[in-house]
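Reading the sequence shown from the start, the letters are residues -3 to 502 in our numbering.
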Amino acid sequence: MNKKISSALISVFYKDGLETIVTQLHQLGIAIYSTGGTQKFIEDLNIPCVPVENLTTYPSILGGRVKTLHPSVFGGILGRRDNTTDVQEMQQFNIPVLDLVIVDLYPFEETVANTSEEKLIIEKIDIGGPSMIRAAAKNFKDVVVIAAKKDYSALEQLLNSQQGETSLEQRKQFAAKAFEVVAHYDVAIAKYFNPAHSLYFVESVTNPKAMRYGENPHQPGVFYGNLEALFTQLNGKELSYNNLVDVDAAVQLITEFSKDTAPVFAIIKHTNVCGAATRSTVKEAWDAALAGDPESAFGGVLVCNSTIDKTTADAINEIFFEVLIAPAFTEEALTVLKSKKNRILLQLKAGVAAAEQYKSLLNGVLIQQTDKGSYAEWKETGGRISNAEEKTDLAFANIICKHLKSNAIALVKNQQLIGKGCGQTSRIDALRHAVEKAKQFQFNLNGAVMASDAFFPFNDCVQLGHQAGITAFIQPGGSIRDNDSIEYCQQQNLAMVITGMRHFKH
-3 MNKKISSALI SVFYKDGLET IVTQLHQLGI AIYSTGGTQK FIEDLNIPCV PVENLTTYPS
57 ILGGRVKTLH PSVFGGILGR RDNTTDVQEM QQFNIPVLDL VIVDLYPFEE TVANTSEEKL
117 IIEKIDIGGP SMIRAAAKNF KDVVVIAAKK DYSALEQLLN SQQGETSLEQ RKQFAAKAFE
177 VVAHYDVAIA KYFNPAHSLY FVESVTNPKA MRYGENPHQP GVFYGNLEAL FTQLNGKELS
237 YNNLVDVDAA VQLITEFSKD TAPVFAIIKH TNVCGAATRS TVKEAWDAAL AGDPESAFGG
297 VLVCNSTIDK TTADAINEIF FEVLIAPAFT EEALTVLKSK KNRILLQLKA GVAAAEQYKS
357 LLNGVLIQQT DKGSYAEWKE TGGRISNAEE KTDLAFANII CKHLKSNAIA LVKNQQLIGK
417 GCGQTSRIDA LRHAVEKAKQ FQFNLNGAVM ASDAFFPFND CVQLGHQAGI TAFIQPGGSI
477 RDNDSIEYCQ QQNLAMVITG MRHFKH
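What follows is the structure, encoded as structure tokens:
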């Protein structure tokens, strides 16, 4: 519902950028309330301004610590315009409606950065400002709140284009920004009082889960999140820190494959894929995934995009594993799998849909967008076009390679991971490791395909891969020497696909 602003309360520390807004409000006939330095600034512009003291009947007291904390102010902000009782009480106590609240908080962080004198720092803890922001944001159905100078321009545009009217969606967007401003402000204050505590972002989690220990027994660990939103745990001990790390890697991988596609099974060890395959049945997919590296599968985390049936459960039951994740289990399968009381069985409710990833390092935190997608383009650049079987294997290999630690190489044949090299300091070493793994388990590499998480800096990888029997390659490209690898494939009649999307993983 659109609402027209009839009155505004303005209380800001810094006045720069305010003149244009105040002038616009005056031209639109909007009554302005203010106090202290902001009031003087407005009056110096020859624009009428009602002192807040006229509402509260109290002057600014306690050295300016108390100015706006009064029912006549907060009633005007919080009063619900569609609530008969609220409206009657506002009229009874002569509380004016306040449709717009503009607040710029005391510069607490700036003060901390410029002085160590605690008395000055404490006086820059704003009390009334955050309270007015929260009140206005809470009542976004009726009130517009501007909580930072960076939003002045957005307000100016609305005042110009909509003549003082705002939509519910616009008010809600401003409210969301306002709560972020207050949250950041409170965290800055908390960090001043407790500088050793760096994980303030986790305070919103009401029931953090203490781990038995962290990555190693001498490291305490805590998980902040809501696992119940993602899984139903059907059996087993509590998830450990390392379990959670591998479970995350497993879910990230399996989310790449829809439940409606053919069954896909994967085995994760230390966050890397050590076995993966897709087949027409779940049992066949498991057998093929396990065959890719039966040694590394010991103690791993297993994940599938399809229902686990008894036949598959009987086969899985023959090996030791930590965790099995699937969207569903038959009752017969659960009877088999629950035979080991510590074995963790997780029924996956939903994939991980986080838009960002966080990594703590040095004295801060890195934030990045999650790696979405497999390829930006499918550009055939080799000596021939990849055939249908190769295309299927190349697409599968590219997804698997995306989920290996860099430098990474994945070798795939018939939609089965048959060799992989990961976490190597050179790409050629990753390939050598992948080829050796394939040979160790007696796979025939003739007709297999190769995926690389990043470009080939030289043509040595395609040469070695070709010698091993690889007939098609997929890589993001981007090297100044791309042509070396492309020309080799052209000369040897090999297929090569350039994706335009790198998948480094560290």
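Beta carbons: idealized from backbone N, C-alpha and C, even for Gly. Everything numeric in this text was worked out from a predicted model, so none of it was measured.
In whole angstroms, give me the CA-to-CA distance for residue i and residue j.
i, j, result
"Ala90", "Gln84", "Looking at the sequence shown, residue 90 is not Ala but Asn. Their Cα atoms are separated by approximately 10 Å."
"Gln35", "Leu116", "23 Å"
"Ala206", "Asn238", "13 Å"
"Phe500", "Glu114", "46 Å"
"Glu348", "Asn222", "In the sequence as displayed, the identity of residue 348 is Val instead of Glu. If you take the alpha carbons of Val348 and Asn222, they lie about 12 Å apart."
"Ala555", "Asn383", "With the chain represented from -3 up to 502, any question about residue 555 goes unanswered, as that position is not in the structure."
"Ile414", "Glu280", "15 Å"
"Asn(-2)", "Asp389", "55 Å"
"Cys485", "Gln463", "12 Å"
"Ile121", "Tyr102", "7 Å"
"Leu211", "Ile6", "For the record, residue 211 in the displayed sequence is Glu; it is not Leu. C-alpha separation (whole angstroms): 51 Å."
"Asn301", "Val319", "15 Å"
"Arg167", "Tyr220", "31 Å"
"Ser481", "Ser448", "13 Å"
"Gly160", "His22", "11 Å"
"Ser335", "Phe294", "18 Å"
"Glu39", "Ser30", "10 Å"
"Lys434", "Leu441", "First, the residue type needs correcting, since residue 434 is Ala and not Lys in the sequence shown. So the two alpha carbons sit approximately 7 Å from each other."
"Lys306", "Val299", "16 Å"
"Phe189", "Ser149", "34 Å"
"Val503", "Lys0", "Since the displayed the chain opens at -3 and closes at 502, residue 503 lies outside it and no answer follows."
"Arg76", "Gln88", "15 Å"
"Glu119", "Ile321", "54 Å"
"Lys137", "Gln169", "11 Å"
"Leu74", "His214", "51 Å"
"Leu58", "Lys355", "45 Å"
"Asp182", "Ile129", "13 Å"
"Ile395", "Ala350", "18 Å"
"Glu224", "Thr16", "50 Å"
"Glu483", "Thr366", "34 Å"
Indicate the three-state DSSP secondary structure (helix, strand or coil) for residue i in the structure shown.
i, result
"Thr303", "coil"
"Phe325", "strand"
"Leu441", "coil"
"Cys485", "helix"
"Tyr188", "helix"
"Asn382", "Looking at the sequence itself, residue 382 is Ser, so the reference to Asn does not match. Residue state, collapsed to three classes: coil."
"Asn110", "helix"
"Ala311", "helix"
"Ile263", "strand"
"Asn222", "coil"
"Lys0", "strand"
"Tyr29", "strand"
"Phe37", "helix"
"Lys355", "strand"
"Ile43", "coil"
"Val361", "strand"
"Thr277", "coil"
"Asn231", "strand"
"Lys205", "strand"
"Asn239", "helix"
"Gln20", "helix"
"Asn212", "coil"
"Glu252", "coil"
Output yes if chain B places a C-beta closer than 8 Å to the C-beta of residue i; else output no.
i, result
"Gly232", "Although the question refers to chain B, the structure presented lacks it and comprises just one protein chain."
Please find out if some non-hydrogen atom of the ligand SAH comes closer than 7 Å to the beta-carbon of residue i.
i, result
"Ala464", "This structure simply doesn't include the ligand SAH, nor any ligand for that matter."
Below 8 Å on the Cβ atoms is my guess for residue i versus residue j; work out the distance and round it to an integer in Å.
i, j, result
"Val243", "Leu230", "Their Cβ separation, rounded to whole angstroms, is 14 Å, which puts Val243 and Leu230 out of contact at 8 Å."
"Glu105", "Ala171", "With a Cβ gap of about 23 Å, Glu105 and Ala171 do not count as contacting."
"Val458", "Ala393", "Rounded, the Cβ-Cβ distance is 15 Å, inconsistent with contact."
"Phe325", "Leu341", "7 Å"
"Gly124", "Pro92", "Actually they do not touch by this definition, with Cβ atoms about 17 Å apart."
"Phe253", "Val247", "Contact doesn't hold; Cβ gap of about 11 Å is too wide."
"Gly296", "Ile264", "6 Å"
"Ser43", "Ile28", "The sequence given here has Ile at residue 43, not Ser. Contact flag correct, Cβ pair sits at about 7 Å."
"Ala285", "Ala258", "Not confirmed; about 13 Å, so no contact."
"Val48", "Val18", "The pair is not a contact, with the Cβ atoms about 16 Å apart (cut-off 8 Å)."
Okay, do the stretch 395 to 404 and the stretch 417 to 426 touch, 3+ Cβ pairs below 8 Å being the bar?
The stretch 395 to 404 is in contact with the stretch 417 to 426.
Taking 8 Å as the threshold, find out whether the stretch 464 to 477 comes into contact with the stretch 448 to 455 through three or more Cβ pairs.
Yes, they touch.
Unbroken beta strand (DSSP E) runs of length 3 or more, entirely within the stretch 127 to 178: which are they?
Listed in chain order, the complete beta strand (DSSP E) runs (minimum 3 residues) inside the stretch 127 to 178 are 140 to 142.
If we count Cβ pairs, one from each stretch, closer than 8 Å, do we get three or more for the stretch 85 to 104 versus the stretch 129 to 144?
Short answer: they touch.
If you scan the stretch 393 to 467 from start to end, which runs of the alpha helix (DSSP H) of 4 or more residues do you find wholly inside it?
The stretch 393 to 467 contains these whole alpha helix (DSSP H) runs: 423 to 436, 456 to 464.
Every unbroken beta strand (DSSP E) within the stretch 71 to 120, with a cutoff of 3 residues, ordered by chain
Taken in chain order, the complete beta strand (DSSP E) segments of 3 residues or longer contained in the stretch 71 to 120 are 96 to 100.
Taking three-plus beta-carbon pairs below 8 Å as touching, is the stretch 486 to 495 in contact with the stretch 371 to 385?
They touch, by the three-pair rule.
Under 8 Å, with one C-beta from each stretch per pair, do the stretch 257 to 277 and the stretch 360 to 371 reach the 3-pair mark?
A contact is defined here as three or more CB-CB pairs under 8 Å, and the stretch 257 to 277 fails this definition with respect to the stretch 360 to 371.
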